[in-house]
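Residue numbers (the numbering used here): 423 to 873.
Below: one structure, written as structure tokens.
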Ligand code: FES
Ligand SMILES: [Fe+2]
């Protein structure tokens, strides 16, 4: 028997890449979790919101960077600011609503008032009680170190040394977002679905690459015909791996099948396809999709994860954030996207599909959440926590293919756990690096040769 959970976990040796083993304590240990907040969430780029959620001056959306609540708000100059939602006086939140429009952020405790750029613009008793002993410019809301966006998808980091968002996303992260952004003029529909699962956030991320489980975990959905054999496609998988932990894992269309699809869609008119309510919302056959996603990207039907915790769901209709709420709890936020010119019936169908599959009422996520919760609990026992998990499927068995256009690495084979191993390998690199300079030097390049 190995050491009890109460001992300090040696954070340097939790992932064994050579043997495809993961120390289960990464799913429940408080010390590991606190290090993640600092080294992954505060350091990395976190998705905040989509431009369509901040339509005008004063529009705001509250979100999190790790466990720090933030307000993404369009300021007087129409730029997006990301402000820490905590009053510097006694720490009260200055914005309690999840989304809305404000002229300023007025603290409900003692009345300090903050402008849309976070500056302290007024406070009761400035002359009478403070008697001039406070300099307002020192007491604004704390701001994120950097805010940048890619095609209207806004991200923020607390680390001033973070590399530019575009470099962080790389080809894989951009391809993930392109699956939504390139559908046209997209917007988030009102109402982000939120639910809490008692699991570690990494198990929820690991699962989105996991095509081993659907036939078993989602057996009832298979029986109902919600999930088809074609969708599960276990013998035809594509894994694309990008720097800093991004990956896309899941079904891949073969080159021959893609050629057949190209012929089928050759004469489809994009505009009328979108407006015809009888058509599905899929845009993948359209020429614009091929131009935007490229010859490899168009064949990838898997799930992209933008490291650490942003999932683009199948079909590019939803984003899901897996927000950490302690080592053993995760809040899932589902953003649903529609293209503005879609027929209302098609929009309705997209929204109904989103509610039906995922989120608190989704048929699939109820199955998944149960498994993740029990797996999380199983990581903290004296005996259970001491036995590493097995990530060996396909290890060392596949050749990495290189896309001549982008230079991007991918594997096309049967079902594997390559994407999961890439996730945990990258996680370990983020956790070991002291700072961005270190991470830039020490992180793995995209794999080559055999993986
Ligand atoms: S806590 Fe905000 S004004 Fe006192
Ligand atoms: Fe699932």
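The beta-carbon is built from N, C-alpha and C at its ideal position, and this holds for glycine as well.
Opening and closing residue of the alpha helix (DSSP H) in which residue i lies
i: residue 831; result: That residue, residue 831, is in no alpha helix (DSSP H); its beta strand (DSSP E) goes 831 to 835.
i: residue 476; result: No alpha helix (DSSP H) contains residue 476, which DSSP labels as neither H nor E.
i: residue 766; result: 766 to 779
i: residue 508; result: No alpha helix (DSSP H) contains residue 508, which DSSP labels as neither H nor E.
i: residue 853; result: 840 to 854
i: residue 597; result: 587 to 603
i: residue 636; result: 636 to 639
Of the residues the options, the one placed nearest residue i, counting alpha carbons only
i: residue 677; options: 719, 691, 668 and 670; result: 719
i: residue 443; options: 827, 821 and 808; result: 808
i: residue 604; options: 436, 716, 556 and 582; result: 716
i: residue 516; options: 522, 534, 502 and 499; result: 534
i: residue 750; options: 434, 549, 633 and 446; result: 446
i: residue 759; options: 600, 626, 641 and 503; result: 600
i: residue 691; options: 709, 776 and 537; result: 709
i: residue 741; options: 436, 456, 471 and 771; result: 471
i: residue 576; options: 830, 831, 475 and 561; result: 475
i: residue 468; options: 567, 496 and 844; result: 567
i: residue 774; options: 746, 744 and 739; result: 739
i: residue 635; options: 838, 711 and 481; result: 838
i: residue 414; options: 859, 560 and 723; result: The structure shown does not extend to residue 414, since the chain is modelled only from 423 to 873, so the question has no answer here.
Proximal residues to residue i (C-beta, below 6 Å), its chain only, five neighbours per side dropped
i: residue 621; result: 752, 794, 795 and 798
i: residue 426; result: The predicted position of residue 426 is uncertain, since its pLDDT is 44 and thus under 50; a value taken from the coordinates is nonetheless stated next. Result list for residue 426: 804, in chain order.
i: residue 668; result: 594, 595, 728 and 729
i: residue 450; result: 749, 750, 801 and 802
i: residue 586; result: none
Whole-number beta carbon distance between residue j and residue i, since they are thought to touch under 8 Å
i: residue 563; j: residue 505; result: 4 Å
i: residue 574; j: residue 473; result: 4 Å
i: residue 852; j: residue 461; result: 6 Å
i: residue 871; j: residue 726; result: Not confirmed; about 24 Å, so no contact.
i: residue 448; j: residue 686; result: About 45 Å separates the two Cβ atoms, so there is no contact after all.
i: residue 619; j: residue 816; result: With a Cβ gap of about 27 Å, residue 619 and residue 816 do not count as contacting.
i: residue 785; j: residue 643; result: 5 Å
DSSP three-state assignment for residue i, whether helix, strand or coil
i: residue 435; result: helix
i: residue 730; result: coil
i: residue 708; result: coil
i: residue 827; result: coil
i: residue 789; result: helix
i: residue 489; result: coil
i: residue 807; result: helix
i: residue 424; result: With a pLDDT of only 43 at residue 424, under 50, the local geometry of the prediction cannot be trusted, and the value read off the model is given with reservation. Looking at residue 424 - three-state DSSP - the assignment turns out to be coil, as it is neither helix nor strand.
i: residue 666; result: helix
Where the beta strand (DSSP E) through residue i begins and ends
i: residue 650; result: Note, residue 650: premise wrong, no beta strand (DSSP E); not H, not E.
i: residue 430; result: From DSSP, residue 430 is part of no beta strand (DSSP E); its letter is neither H nor E.
i: residue 755; result: 752 to 761
i: residue 552; result: No beta strand (DSSP E) contains residue 552, which DSSP labels as neither H nor E.
i: residue 523; result: 521 to 523
i: residue 571; result: 568 to 572
i: residue 464; result: Taken as a continuous stretch (DSSP letters only), residue 464 belongs to no beta strand (DSSP E), as it is neither H nor E.
Contact set for residue i: own chain, Cβ-Cβ below 8 Å, skip 5 residues either direction
i: residue 520; result: 483, 484 and 614
i: residue 781; result: 615, 617, 754, 756 and 787
i: residue 810; result: 438, 443, 444, 445 and 446
i: residue 428; result: The predicted model places residue 428 with a pLDDT of 48, which falls under 50 and marks its position as unreliable; any figure quoted below should be read in that light. Answer for residue 428: no residue qualifies.
i: residue 423; result: Confidence is the limiting factor: at residue 423 the pLDDT is only 38, short of 50, which leaves the residue's position unreliable, though a coordinate-based value still follows. Hits under 8 Å: 804, 805 and 808.
i: residue 498; result: 479, 537, 538 and 539
Cut-off 7 Å between Cβ atoms - residues of its own chain near residue i, not counting five sequence neighbours on either side
i: residue 657; result: 836
i: residue 857; result: 583
i: residue 544; result: 535
i: residue 554; result: none
i: residue 639; result: 789, 790 and 793
Closer than 7 Å: residue i CB and nearest ligand 3 heavy atom
i: residue 532; result: As for ligand 3, it is missing from this structure, which binds only ligand 1 and ligand 2.
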